[in-house]
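Peer 1: Numbering (our numbering), first residue to last: 14 to 218.
Ideal Cβ positions, reconstructed from N, Cα and C, are used throughout, including at glycine.
Since the structure is predicted, the reported quantities are computational estimates derived from the model, not experimental observations.
Here you go, one structure.
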Amino acid sequence: MGHAKALRSLSLRFSLLILLGTTLLSCNGFFVDPTLTSITVTPSTPSVAVNSTKQMTATGTYDDGSTKNITASVSWSSDDTSVATVSDTGLVTGLEPGSVRVTATSETISGSTSVTVMVANLRSIAVNPTSASITSDQTQQFTAIGTLEDRSTVDITDAVTWKSSKTGVATVNTSGLATAQGSGTTNITAVSGSVTSNTAVLTVD
């Protein structure tokens, strides 16, 4: 009888150990932290005036589909600190006209967006040259000069939004470089906020 009782006691203990182990494994799996898979930086492609600030936000997406504001826990950087800087909390400060890429990084995962630094108190924009002709294998560089309220001028070529009225004739990049796409005539303009430049005419032969 004593031997049988001992066996039953041992069997009960063994069963309890198995149950405890299974429970611990289950709990361990339940509490595993989700893995960060991507970072989105917002607002997307914002603008900020010189000597002004813009708050950026980093949102992390995880492998379980959840999202979380991780603005305060990522590392922030600007690819051109002469144009704009970004603080440890994602606050961008505009320093001079231009465009920078602001990036939020957590270990090997990062996300970024382009930030345009605009001139404050801008009165007008002059695009030069006002007319140009190129062949189908050429490019044309345009510049944008801004006039401020105090009548001083500043080169804002890299801080405006460039537009081509006919992209099938020519496209223009963020630095004012027009590239021929076909033949014909297109109008090139530069925009900053509510201020639009004169129209420059580009002919592609």
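For my contact list, GLY73 and LYS81 are in at a C-beta cut-off of 8 Å; report their separation, rounded to the angstrom.
Peer 2: Going by Cβ atoms, the distance from GLY73 to LYS81 rounds to 5 Å, so yes, they are a contact pair.
Peer 1: Exposed or buried, GLY107, counting other C-beta atoms within 10 Å across all chains shown (16 or more means buried)?
Peer 2: Answer is buried; the Cβ neighbour count reaches 16.
Peer 1: Could you spell out where the beta strand (DSSP E) holding MET131 opens and where it closes?
Peer 2: Counting along the chain, the beta strand (DSSP E) containing MET131 begins and ends at 122-131.
Peer 1: So which of ARG114, THR209 and SER196 has the shortest CA-CA distance to SER149?
Peer 2: Among ARG114, THR209 and SER196, the Cα nearest to that of SER149 is on SER196.
Peer 1: Figure out for me which residue from GLU120, SER178, ASN134 and THR126 has the closest Cα to the Cα of ILE169.
Peer 2: Selected option, being the one with the closest Cα: ASN134.
Peer 1: Looking only at C-alpha atoms, which of ALA157, SER177, VAL99 and GLU120 sits nearest to ARG114?
Peer 2: The option with the nearest alpha carbon to ARG114 is VAL99.
Peer 1: Once DSSP output is grouped into helix, strand and coil, what is the label at THR170?
Peer 2: If DSSP states are grouped into helix, strand and coil, THR170 belongs with the helices.
Peer 1: Distance check for GLY78 and THR160, CA to CA, integer angstroms please.
Peer 2: The straight-line gap from Cα to Cα measures roughly 49 Å.
Peer 1: Say the cut is 6 Å; is the CB of ASN200 nearer than that to a heavy atom of the ligand ATP?
Peer 2: No copy of the ligand ATP appears in this structure; indeed no ligand is present at all.
Peer 1: Okay, do the stretch 118-126 and the stretch 138-146 touch, 3+ Cβ pairs below 8 Å being the bar?
Peer 2: In short, these stretches do not touch, since the Cβ pair count stays below three.
Peer 1: In the DSSP assignment, the beta strand (DSSP E) including ILE83 goes from what residue to what residue?
Peer 2: No beta strand (DSSP E) holds ILE83; DSSP gives it neither H nor E.
Peer 1: Which class does SER51 belong to by DSSP, given the choice of helix, strand or coil?
Peer 2: DSSP places SER51 in strand when its eight states are reduced to three.
Peer 1: Just the Cα atoms here: how many angstroms apart are ALA157 and THR166?
Peer 2: Taking the straight line joining both Cα atoms gives about 10 Å.
Peer 1: Output the distance between the C-alpha atoms of ILE52 and SER112, rounded to the nearest integer angstrom.
Peer 2: Spanning the two alpha carbons is a distance of roughly 21 Å.
Peer 1: Measuring straight from C-alpha to C-alpha, what distance separates ASP101 and PHE155?
Peer 2: Those two C-alpha atoms are separated by around 36 Å.
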